[in-house]
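In full-length UniProt numbering, the protein residues as written are 1 to 342.
Glycine included, C-beta positions come from ideal geometry on N, C-alpha and C.
Here is the structure we will look at.
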Amino acid sequence: MQNNPLISIVVPVYNVEKYLKKCIQSIIDQTYKNLEIILVDDGSNDNSGKICDEFAQKDNRIKVIHKINGGQADARNKALDIMNGEWVSFVDSDDFVSPYYIENLHYLISKYDVDIAITSFVRFYNENTKLSSSKISNQEVLLHNPNDAAKNMLYGKYYSVSPWSKIYKKDLFYNNRFTKGKIYEDFELMPIIISQSKKVAFCDVIDYFYYCRQNSTTKSDFSQKNMQGYEALDSLDRYFSNNLSIKNVLKDIRALSPLTDLPKIKISSDNERVLFDEVSKNINHKRLFILLFSKNINLKLKIKIIFFICFGRHVYAKFERMRLKKRINKIINNEKSGVVYE
């Protein structure tokens, strides 16, 4: 590998004029300079496209694509089609990254000869929260084979299924693209990408700052469209049909998903009650009981499983919805606790 390879950073952009400048500036300010920055304006109705063009005039590393709205997956795919970098990383346009984001990821791929490197991220709810970062120094680095990496990703252990906070060798995307029109395109593709790698490096240094916008809290409600998550599980199950260990992980994820999804359904209409029952079909009490003894499930989740089994889906969903709402409001209104570490 070259000592200073060209790295492409892909940013899908849609109606984020309030946050976009901070995002782009954080990428421009990277300590690693050999970058291709691809901003894909996905048919924004605000000034986002104009902001992209203004930054492109100031920095010749920036390329701007203006396209008809096709969704985040389509925007990422357009960038993948034209990118020139040997490596690629993704940043969402309402988030921002530390100055060392690419430097740290480059250090990992160079030192450990991997084709995917991952660092940590935090969620923050308050724009005024002060956040800090650092270069990798003496932090522990974990190396995972493709199978273990895919399982870790599905369990959310060490790293998530989101494409950001990671860097990928471009070859991994030669025959892989995000599925247009799906809201779980990350979940459906990322485990496949990571399973096709030769080795993965992870370091628990915080480089990526994921903003949970207050005006997007309605996205936490579960609708019929969110059933695509279970379709994504079906798709992954077919892909990993000959991999028993990952198929077992997918069974665990399917059993656990109703614990996350049911509290998001308000049950204030007939359609929502039908949806509640549809999600409930994925409940597997036997699998949940087995998970109580799994080392892959943390104590907090095991407590939820016990509550769910003991009190039933309706009581659990109502209690969990109230608890989550109270917790988020507390985080939003308290600057000091406006960060959730992953």
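Helix, strand or coil at residue i according to DSSP, with G and I counted as helix
{"i": "residue 348", "result": "Residue 348 falls outside the range modelled here, since the chain spans only 1 to 342, and no answer is possible."}
{"i": "residue 8", "result": "strand"}
{"i": "residue 266", "result": "coil"}
{"i": "residue 35", "result": "strand"}
{"i": "residue 22", "result": "helix"}
{"i": "residue 218", "result": "Note that residue 218 has pLDDT 38, beneath the 50 cutoff, so the model's placement of it is unreliable and the number below is only indicative. Note: residue 218 maps to helix in three-state DSSP."}
{"i": "residue 30", "result": "coil"}
{"i": "residue 223", "result": "coil"}
{"i": "residue 70", "result": "coil"}
{"i": "residue 329", "result": "helix"}
{"i": "residue 271", "result": "helix"}
{"i": "residue 53", "result": "helix"}
{"i": "residue 136", "result": "coil"}
{"i": "residue 228", "result": "helix"}
{"i": "residue 300", "result": "helix"}
{"i": "residue 248", "result": "helix"}
{"i": "residue 283", "result": "coil"}
{"i": "residue 294", "result": "coil"}
{"i": "residue 276", "result": "helix"}
{"i": "residue 240", "result": "coil"}
{"i": "residue 48", "result": "helix"}
{"i": "residue 197", "result": "coil"}
One or two residues paired with residue i in a DSSP bridge
{"i": "residue 253", "result": "In DSSP, residue 253 forms no bridge with anything."}
{"i": "residue 62", "result": "37"}
{"i": "residue 13", "result": "41"}
C-beta contact flag for residue i and residue j at 8 Å
{"i": "residue 75", "j": "residue 163", "result": "no"}
{"i": "residue 197", "j": "residue 116", "result": "yes"}
{"i": "residue 363", "j": "residue 234", "result": "Outside the shown range of the chain, which is 1 to 342, sits residue 363, and nothing can be said about it."}
{"i": "residue 184", "j": "residue 229", "result": "yes"}
{"i": "residue 167", "j": "residue 105", "result": "yes"}
{"i": "residue 246", "j": "residue 133", "result": "no"}
{"i": "residue 188", "j": "residue 236", "result": "yes"}
{"i": "residue 275", "j": "residue 317", "result": "no"}
{"i": "residue 71", "j": "residue 181", "result": "yes"}
{"i": "residue 122", "j": "residue 27", "result": "no"}
{"i": "residue 212", "j": "residue 124", "result": "yes"}
{"i": "residue 49", "j": "residue 59", "result": "no"}
{"i": "residue 200", "j": "residue 136", "result": "no"}
{"i": "residue 39", "j": "residue 173", "result": "no"}
{"i": "residue 159", "j": "residue 93", "result": "no"}
{"i": "residue 46", "j": "residue 209", "result": "no"}
{"i": "residue 222", "j": "residue 259", "result": "no"}
{"i": "residue 323", "j": "residue 280", "result": "no"}
{"i": "residue 191", "j": "residue 131", "result": "no"}
{"i": "residue 257", "j": "residue 282", "result": "yes"}
{"i": "residue 15", "j": "residue 44", "result": "yes"}
{"i": "residue 9", "j": "residue 37", "result": "yes"}
{"i": "residue 371", "j": "residue 73", "result": "Residue 371 falls outside the range modelled here, since the chain spans only 1 to 342, and no answer is possible."}
{"i": "residue 169", "j": "residue 83", "result": "no"}
Cβ-heavy atom distance, residue i to the ligand ADP, below 7 Å
{"i": "residue 167", "result": "Although the ligand ADP was asked about, the structure shown includes no ligands whatsoever."}
Residue-chain proximity (residue i, chain C), Cβ-Cβ < 8 Å
{"i": "residue 270", "result": "Within the model displayed, chain C is absent; a lone protein chain is all it includes."}
Check: Do the region 139-146 and the region 62-72 touch if we need at least three Cβ pairs shorter than 8 Å?
Finding: Put simply, the region 139-146 does not touch the region 62-72. Fewer than three CB pairs are less than 8 Å apart.
Item checked: Contained alpha helix (DSSP H) runs [length at least 4] in the region 139-189, N- to C-terminal order -> Unbroken alpha helix (DSSP H) runs of no fewer than 4 residues, entirely contained in the region 139-189, are found at 146-155, following chain order.
Next item on the list: Please go through the region 75-134 and give each complete alpha helix (DSSP H) segment of 4 or more residues, from N-terminal end onward.
Entry: The region 75-134 contains these whole alpha helix (DSSP H) runs: 101-112.
Notebook entry, point to check: Is the region 250-263 touching the region 290-298, taking contact as three or more C-beta pairs under 8 Å?
Noted result: The region 250-263 is in contact with the region 290-298.
Notebook entry, point to check: At a cut of 8 Å, does the region 241-248 reach the region 270-286 through at least three beta carbon pairs?
Noted result: Between the region 241-248 and the region 270-286, the count of Cβ pairs shorter than 8 Å is below three; the stretches do not touch.
Next item on the list: Would you check if the region 82-94 and the region 145-159 touch, i.e. whether three or more CB-CB distances between them fall below 8 Å?
Entry: Result no; under three Cβ-Cβ pairs closer than 8 Å.
Notebook entry, point to check: Can at least three beta-carbon pairs, one atom from the region 25-32 and one from the region 99-113, be found at a separation below 8 Å?
Noted result: Contact between the region 25-32 and the region 99-113 is present, because at least three Cβ pairs lie under 8 Å.
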